[in-house]
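S.K.: Provided herewith is a single structure, encoded as C-alpha cells, for subsequent inquiry.
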Ligand code: DGL
C-alpha cells in the first residue's frame, strides 16, 4: 500500500490575514540583480521592492573579495534603515564574499543566491557532474565548491570564470557571432567534463540563456540563480507569515552612481516595470 504524500504545512491565508507591508530589499553591484528582482516580482506581485544598484563601485567581479564584503555591509545597513523585512543579496560575487565565506551578522535577515541555485542543481543532475559559470571573484572564492561539497559530497563541480560576459550583456550583445565564439571558448572545459547541469552563477547570465543553451546543447539543464532565489524568498515569506497584500506595490530603484545610465540599462533587465531611479551616496 502506498503511503499518502505529506503536504507542506502552509499558514492559512484569508482576507483578514495579518500582512507585513514592509518592503523586500534587493541589491547588486549594478543592474544585474534586476534579474532576481524580476523573478521576485513575478512570484510575489504584492511585495514592494527597494532595489539598490551599486553602480558607483560595480562591477564587483574583478574586485578584491574583502572590499566587496565591506560594500555589502554598507548596503545591507542602508536597506535595514529603510525598514525592509528581508534583504536579498542579488549578486553572486557579494554572496560569495559576504554570506558564504565567513558569514557576517546583519541587522536584517539576508538571503543570497548561491545556496538556492546549488540545491536546485543537485536535484537536477543525473550524472553527478555540475558546472558553474560566474565572475572571476565568484569562481576564485570557491563558494560554489564549498556549497556543493556540503550539499552533495558525491557531486563533482567544474567552475568556469567568464569575465567578458558581463561587459557583453551590458552592451546589449547577447546573440551575435562574437558572443557565440566567446561562449564556446569559455564553455569548452565544461563540455569536455560532460556536465549535465550548469548553474548560471552570475546575475547577468539569464540574459545569455539562448547562447549558453545553444553551445551546451539541449540535454544540459541550466539553473538560474535568479528563479531559484525567488522561490526561496517565497517560501521564507509564507513560512514566516511575512507576506504583504498590496494592490499595486510602489517599487523603489536606487543607484549609487549615474541614475540615468542605470535606468537605460535597467530597462533591458526589468522591462517596463522600472519607474524613476533615485541616486543615493551610501
Ligand atoms: N552581479 C555580479 C554577479 O552576480 C555580476 C556583475 C559584477 O561583476 O558585479 O556576480
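In my numbering, the protein residues as written are 26 to 307.
Just so you know, even glycine gets a beta-carbon here, dropped at the ideal spot from N, CA and C.
1. Expressed to the nearest angstrom, what Euclidean distance is found between the alpha-carbon atoms of residue 73 and residue 218?
2. Helix, strand or coil for residue 230, going by three-state DSSP, please let me know.
3. Residue 254: which of 48, 58, 54 and 32 sits nearest, CA to CA?
4. Closer than 8 Å by C-beta to residue 183: which residues in its own chain qualify, once you throw out the five before and the five after it? Chain order, please.
5. Taking 9 Å as the threshold (C-beta atoms), are residue 278 and residue 288 in contact?
6. Determine whether the beta carbon atoms of residue 191 and residue 84 lie at a separation below 9 Å.
7. Just to confirm the assignment, what range does the alpha helix (DSSP H) spanning residue 102 have?
8. DSSP on residue 156, reduced to helix/strand/coil?
9. Quick check on this structure: which residue in 81, 69, 138 and 91 has the alpha carbon closest to the alpha carbon of residue 228?
10. Roughly how many whole angstroms lie between the Cα atoms of residue 165 and residue 272?
11. Assign residue 267 to one of three DSSP states: helix, strand, or coil.
12. So the candidates are 130, 65 and 148; which of them puts its Cα closest to the Cα of residue 113?
13. What is the DSSP secondary structure of residue 247, reduced to helix, strand or coil?
14. Any chance the segment 168-176 sits against the segment 195-206, with 3 or more Cβ pairs inside 8 Å?
15. In angstroms with no decimal places, state the Cα-to-Cα distance between residue 122 and residue 291.
16. Following a CB-centred definition, is residue 227 positioned closer than 8 Å to any heavy atom of ligand 1?
17. For a test of the three-state rule: what should DSSP assign to residue 277, helix, strand or coil?
18. Measure the C-alpha to C-alpha separation of residue 210 and residue 181 and round it to an integer number of angstroms.
19. Assuming contact is defined by CB atoms lying nearer than 9 Å, are residue 118 and residue 34 in contact in what I supplied?
20. If we require 3 or more residues per run, which beta strand (DSSP E) segments fall completely within the segment 127-185?
21. Just to confirm, is the Cβ distance from residue 248 to residue 145 under 9 Å?
22. Count the other CB atoms within 10 Å of the CB of residue 48; is the residue buried (16 or more) or exposed (fewer)?
23. Can a CB atom of chain D be found closer than 9 Å to the CB of residue 259?
24. Indicate whether residue 135 and residue 101 have their beta-carbon atoms separated by less than 9 Å.
25. Could you check whether the Cβ of residue 116 sits closer than 8 Å to any heavy atom belonging to ligand 1?
26. Below 9 Å between beta carbons: does that hold for residue 263 and residue 233?
M.R.: Short version:
1. 42 Å
2. helix
3. 58
4. 154, 155, 156, 157, 214, 215, 218 and 220
5. yes
6. When the beta-carbon positions are compared, residue 191 and residue 84 come within less than 9 Å of each other.
7. 90-106
8. Three-state DSSP puts residue 156 in a strand.
9. Per the Cα distances, 138.
10. 43 Å
11. coil
12. The candidate whose alpha carbon is nearest that of residue 113 is 65.
13. strand
14. Taking 8 Å as the limit for Cβ pairs, the verdict is that the segment 195-206 does not touch the segment 168-176.
15. 24 Å
16. yes
17. strand
18. 21 Å
19. no
20. 154-159
21. yes
22. buried
23. In the displayed structure, chain D is absent; only one protein chain is listed.
24. Yes, Cβ-Cβ distance for residue 135 and residue 101 is below 9 Å.
25. yes
26. no
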